[in-house]
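First the structure, in the form of structure tokens, and then the observations on it.
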Amino acid sequence: MVTLLPIPIKNRHIPQKRLDEQRQTNREVLNEVLQRVLQPLTFKQHPSAQSGYYNVLCADGNFRHCKPVVSAWLADCPEYSDLHNLERHVCFWCDCPKNELGDYVHPDKQHPRRDHNLYRTLSDANTKAADVELSLCHVHRAFNVFRHIPCIVSDLPKPDLLHTMQIGMLDHLQKWIFHFMKTHKQLNKYNAIWLSVPAYHDLTPTNKSYEEVSQWNGKEIKEMSWYLLGVVTQSLRGGSPAQHPIFNHAIECTQALLGFYMYARYKSHDDATLSYMEDALHRFHTFKDVFLLG
Ligand SMILES: [Zn+2]
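What follows is the structure, given as structure tokens:
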């Protein structure tokens, strides 16, 4: 099934109150559309073992008795928030406090998953106390069709390389490195090395420096990831003794995030590759302050 969801126009130059009202309307329209699209999957009053099945015409021309279920979707971070009717800039998987977003969390100390059944109960209760509780969880009090479908809502969003890594973390890393080079007066050297990367096999390096490209797409960032570490390492060779530890941390951080990305692209994983990813993630968090505090 393919559905085109309404995309509201961007209102950048209107008063905040009017903007908030428009956003509220946009959320209601989106939830209304989703409700209509997903109506056949919602809880029935008296579900039976046979309910929810349809005769579906399959690609081979045969009809099959099928029961559609919502199992996963891919979207970017703001889209996930809208689909789940959550406030922006919160985690859509777990109850991580806002001030801990971006921190390293040990696998054994993960925050509990979001409880969308609780949000449904609180929304239905429609009391002041319930509203306060919802707002503490950064949830908009309104109908959300996913809370009425038999599935674990917090399991639906799946991380994907394009949104999470390429136009997500690797895009941040590029910005961080650019400002780091500028702050430490290595930008000319960095740009010169960047532009001198030769073509190799199926790699065609960009003939523009980082600042000359207004927006990087996923494919460009993927190709950039093959040579970024080499360019950063060469750009930070030398420097004063006081700069050595700072430059080394910048290289370590770049190496760790690119390593994590390379492992994430494996088609399958075992305990060893997962432990390499965890180690790379831990090293990234250990050294990232070199970019954030500079
Ligand atoms: Zn989370």
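Numbering (the numbering used here), first residue to last: 1 to 294. Quick reminder that beta carbons are idealized off the backbone N, C-alpha and C, glycines included.
| request: Using 8 Å as the cut-off, classify the Cβ of Trp93 as near or not near the heavy atoms of ligand 1, replying yes or no. | output: yes
| Rounded straight-line distance, which links the Cα of Thr273 to that of Ala280 | 10 Å
| field | Cβ of Gly52 within 9 Å of any chain D Cβ | value | Of the chains in the structure shown, none is chain D; there is only one protein chain.
| field | Contact test: Cys96 Cβ vs ligand 1 heavy atom, cutoff 8 Å | value | Checking every heavy atom of ligand 1 against the Cβ of Cys96, one is found closer than 8 Å.
| task | Could you pull the start and end residues of the alpha helix (DSSP H) that Val232 belongs to? | result | 218-235
| said: Taking 8 Å as the cut-off, is the beta-carbon of His184 closer than that to any non-hydrogen atom of ligand 1? | reply: Answer for His184: no, Cβ out of range of ligand 1.
| query | If you check the beta carbons only, do Tyr261 and Met181 fall under 9 Å apart? | reply | no
| Residue range of the unbroken beta strand (DSSP E) whose run includes His65 | 63-66
| said: Comparing C-alpha positions only, which one of Ile177, Val56, His13, Ser51 sits nearest to Val290? | reply: Residue nearest to Val290 within the set Ile177, Val56, His13, Ser51 is Ile177 (criterion: CA-CA distance).
| Going by alpha carbons, who is nearest to Gln174 out of Ser209, Ser196, Asn144? | For Gln174, the nearest C-alpha among the options comes from Ser209.
| said: If we require 4 or more residues per run, which alpha helix (DSSP H) segments fall completely within the region 29-107? | reply: Runs of the alpha helix (DSSP H) inside the region 29-107: 77-83.
| said: So, at 8 Å on beta carbons, what are the nonlocal neighbours of Phe92 in its own chain, with the 5 sequence-adjacent residues on each side left out? | reply: Cys77, Tyr80, Ser81, His84, Leu86, Arg114, Ser154, Pro157
| Rounded Cβ spacing between Tyr119 and Cys94 (contact assumed at less than 8 Å) | Contact check for Tyr119 and Cys94: beta-carbon distance about 14 Å, past the 8 Å limit, so the pair fails to qualify.
| How long is the line joining the alpha carbons of Leu258 and Leu122, rounded to whole angstroms? | Approximately 42 Å, taken between the alpha carbons.
| query | With a CB to CB cut of under 6 Å and the five nearest residues on each side skipped, what residues in its chain are close to Asp131? | reply | These residues qualify, in order along the chain: Arg141.
| query | Roughly how many whole angstroms lie between the Cα atoms of Asn31 and Leu293? | reply | Distance between the alpha carbons of Asn31 and Leu293: 40 Å.
| request: Report back the beta-carbon spacing between Ile149 and Leu38 to the nearest angstrom; my notes put them in contact at under 8 Å. | output: Ile149 to Leu38, Cβ: 6 Å. Contact.
| message | Quick check: Lys56 and Pro68, are their CB atoms within less than 9 Å of each other? | response | The residue asked about is misnamed: residue 56 is Val in this sequence, not Lys. Yes, they are a contact pair.
| query | For His140, is the beta carbon positioned less than 8 Å from some heavy atom of ligand 1? | reply | Not so, every heavy atom of ligand 1 lies at least 8 Å from the Cβ.
| field | Local conformation of Val213 per DSSP, three classes | value | coil
| Under 9 Å between C-beta atoms of Thr42 and Val105 | no
| Whole-angstrom distance between Arg237 and Trp226, CA atom to CA atom | Looking at the two C-alpha atoms, the distance is approximately 19 Å.
| query | Rounded to a whole number of angstroms, what is the C-alpha to C-alpha distance between Ile129 and Tyr54? | reply | Note that residue 129 is Ala in the sequence shown, not Ile. The alpha-carbon atoms of Ala129 and Tyr54 are separated by roughly 42 Å.
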